[in-house]
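K.L.:
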Amino acid sequence: MRMRRHHQQDEDTGIDLTPMLDVVFIMLIFFIVTSSFIKEAGVEVQRPQAQTASPQDKGNILIAITADGQVWMDKKQVDVRSVRAHVERLRVDQPDGAVVVQADQDARTGLVVQVMDQARLAGVQDVALAASTGAL
Numbered sequence: 032m033r034m035r036r037h038h039q040q041d042e043d044t045g046i047d048l049t050p051m052l053d054v055v056f057i058m059l060i061f062f063i064v065t066s067s068f069i070k071e072a073g074v075e076v077q078r079p080q081a082q083t084a085s086p087q088d089k090g091n092i093l094i095a096i097t098a099d100g101q102v103w104m105d106k107k108q109v110d111v112r113s114v115r116a117h118v119e120r121l122r123v124d125q126p127d128g129a130v131v132v133q134a135d136q137d138a139r140t141g142l143v144v145q146v147m148d149q150a151r152l153a154g155v156q157d158v159a160l161a162a163s164t165g166a167l
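Residue numbers for the sequence shown follow this note's numbering, so the first one is 32 and each next one is one higher.
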């Protein structure tokens, strides 16, 4: 008599993706936590050139001043008198950040000084004026 052997495949032969998904989610959380978000001013200005300009490393609050006297923060046009309130609100996210004023080379000096003064009144001690590197 001949015996038959029955091979039953009770086990699932599929690939278990659960550990891979766990690793992907952990990596996603890591990248979100370690990334720094820079808030843009919202408008491009033609910065003056300076030979001694140097980049700043820490997180910054950007304020742009156009040649026609518009002040931009966080991609919105703001009034000069409200710069202080906006800086105080943005400092909640970046308490040790500096304020960088990106003034157009044709912007009025008086307006630039007003904006810098409003940032100082908001409690920011590090107020910088942005410049492009290069020969004059």
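Virtual Cβ for every residue (Gly too), placed ideally from N, Cα, C.
Quantities reported herein were computed from a predicted structural model and do not represent experimental measurements.
Please list the terminal residues of the continuous alpha helix (DSSP H) segment that includes isoleucine 57.
P.N.:
49 to 65
K.L.:
Quick test of your reading: leucine 160 and valine 132, contact by CB under 8 Å. State the CB separation rounded to the nearest angstrom.
P.N.:
5 Å
K.L.:
Less than 7 Å separating the beta-carbons of leucine 121 and isoleucine 96?
P.N.:
Going by beta carbons, leucine 121 and isoleucine 96 fall outside the 7 Å limit.
K.L.:
Give the DSSP bridge partners of leucine 160, in chain order.
P.N.:
Val132
K.L.:
Report yes if the C-beta distance between proline 79 and alanine 162 is below 7 Å; otherwise report no.
P.N.:
yes
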